[in-house]
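**Q** Residue 218 in this note's numbering sits at position 218 of the sequence shown, and the numbers go up by one each step.
Built from N, CA and C at the ideal position, the CB exists for glycine as well.
Predicted model, so just to flag it, every value in this text is computed and none were measured.
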Amino acid sequence: SINNTNKMALANVCGFKLGNENSYFGYNNVGQMGIPTLKDALQMSEHFTVPCGADIQASIHKALTDDDSKVKIQFDHGTTTLAFRYQNGVIVAVDSRATAGPSIESQTVKKVIEINPYLLGTMAGGAADCMFWERVLARQCRVYELRNKERISVAAASKLLANIVYDYKGMGLSMGTMIVGWDKKGPGLYYVDSDGERLSGNLFSVGSGSVYAYGILDSTHRWDMSDEEAYNLGKRAIFHATHRDAYSGGVVNLYHMKQTGWEKISQTDVTDIYYQYKAEKDKVKK
Numbered sequence: 001s002i003n004n005t006n007k008m009a010l011a012n013v014c015g016f017k018l019g020n021e022n023s024y025f026g027y028n029n030v031g032q033m034g035i036p037t038l039k040d041a042l043q044m045s046e047h048f049t050v051p052c053g054a055d056i057q058a059s060i061h062k063a064l065t066d067d068d069s070k071v072k073i074q075f076d077h078g079t080t081t082l083a084f085r086y087q088n089g090v091i092v093a094v095d096s097r098a099t100a101g102p103s104i105e106s107q108t109v110k111k112v113i114e115i116n117p118y119l120l121g122t123m124a125g126g127a128a129d130c131m132f133w134e135r136v137l138a139r140q141c142r143v144y145e146l147r148n149k150e151r152i153s154v155a156a157a158s159k160l161l162a163n164i165v166y167d168y169k170g171m172g173l174s175m176g177t178m179i180v181g182w183d184k185k186g187p188g189l190y191y192v193d194s195d196g197e198r199l200s201g202n203l204f205s206v207g208s209g210s211v212y213a214y215g216i217l218d219s220t221h222r223w224d225m226s227d228e229e230a231y232n233l234g235k236r237a238i239f240h241a242t243h244r245d246a247y248s249g250g251v252v253n254l255y256h257m258k259q260t261g262w263e264k265i266s267q268t269d270v271t272d273i274y275y276q277y278k279a280e281k282d283k284v285k286k
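1. Given that a residue counts as buried once 16 or more other Cβ atoms are within 10 Å of its Cβ, and exposed if not, what is R151?
2. Let me know the secondary structure DSSP gives T99 once reduced to three states.
3. Identify, in the order they occur along the chain, each residue of the same chain with its Cβ nearer than 6 Å to the Cβ of S106, setting aside the five sequence neighbours on each side.
4. With DSSP as the reference, label G172 as helix, strand or coil.
5. On the criterion of 16 or more Cβ atoms from any shown chain inside 10 Å, does N202 qualify as buried, or is it exposed?
6. Can you tell me where the beta strand (DSSP E) holding S205 begins and where it ends?
7. Helix, strand or coil, according to DSSP, for G78 in the structure here?
8. Is it buried or exposed for A124, if we count other Cβ within 10 angstroms and need 16 for buried?
9. Thinking C-beta only, is P187 closer than 7 Å to V90?
10. V180 and L254: beta carbons closer than 7 Å?
11. Quick one: any contact between the region 194–212 and the region 156–173, if contact means 3 or more CB pairs under 8 Å?
12. By alpha-carbon positions, which one of I164, A230, K149 and V109 ends up nearest to R135?
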């Protein structure tokens, strides 16, 4: 069946032989208990197991880099996401294009994941990886709230995500996300990637178009901007990235993280922004 074929393919890439579906595999150190069978492990939807005695990192690295490998899972990733802090909170701006190599698969991807009313996450890299692990983070944040009767801090949420994905380092995950929120200490902005790296800062841009976005952000960003100036900066940076980067495009989704929680400010097609800026430029020339 197709399901069995998928299991055999996954087992082959991971570097172990699928000879007996009742073979036992232990969990990696992510807090789960029990010893599932391989059949159960490959069907689980909320966590992953690591097979005992198999070097998954080496097997996947060989599958992806060996010229003789028959595994064709090399993906080109393209997007532009950004976030920056200023005096009134944090601005998050993203594009909405999804690509598969040279093909544009969608122009309406939602690249901001609303973890809870006070936390946002962005998507860059593999869409499935970002969506899955940030949903796992959302569940863990909710569990924290129920246990402690208060919201989790932005620092703790980002550290939790970094710790979770670090357990799968070298196993083919592709994720570059920004965790944005507001807690007792005020606005917070962190960058987390699939290697478990975690950075705190005032300004980040992630994706294939980030070099163009940084060109606008670095030259224009100020701490004392007004809300309107901050909104325009976020839109302008994403627009310029989509104008130069073929893997970015669609619409600009703009969010504002405030003390009262996040608010979606606008959703603007980059074509409309282009004609708006063109009209302004032509007006200045006259």
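**A** On the basis of the coordinates in this document:
1. As a first step, residue 151 must be located in the sequence shown, where it is residue number 151. It is buried - the Cβ of R151 has at least 16 other Cβ atoms within 10 Å.
2. On the sequence shown, position 99 is the one that residue 99 refers to. Strand at T99.
3. Against the sequence shown, residue 106 aligns to sequence position 106. Same-chain partners within the cutoff: A98.
4. Along the sequence shown, read from residue 1 onward, the residue named residue 172 stands at position 172. Correct three-state label for G172: coil.
5. As a first step, residue 202 must be located in the sequence shown, where it is residue number 202. With fewer than 16 Cβ atoms within 10 Å of its Cβ, N202 is classed as exposed.
6. To locate residue 205, count along the sequence shown from 1; it is residue 205. First-last of the beta strand (DSSP E) with S205: L203 to V206.
7. Locating residue 78 in the sequence shown gives position 78, counting from the first residue. G78 falls in the coil class under three-state DSSP.
8. In the sequence shown, counting from the first residue as 1, residue 124 sits at position 124. Per the 10 Å Cβ criterion, buried.
9. Start at 1 with the first residue of the sequence shown, and residue 90 comes out as number 90. Start at 1 with the first residue of the sequence shown, and residue 187 comes out as number 187. Yes, Cβ-Cβ distance for V90 and P187 is below 7 Å.
10. Translated into positions along the sequence shown, residue 180 becomes position 180. Translated into positions along the sequence shown, residue 254 becomes position 254. No, Cβ-Cβ distance for V180 and L254 is not below 7 Å.
11. In this structure the region 194–212 lies against the region 156–173, because at least three pairs of beta carbons, one per stretch, are closer than 8 Å.
12. Along the sequence shown, one-based indexing puts residue 135 at 135. Among I164, A230, K149 and V109, the Cα nearest to that of R135 is on I164.
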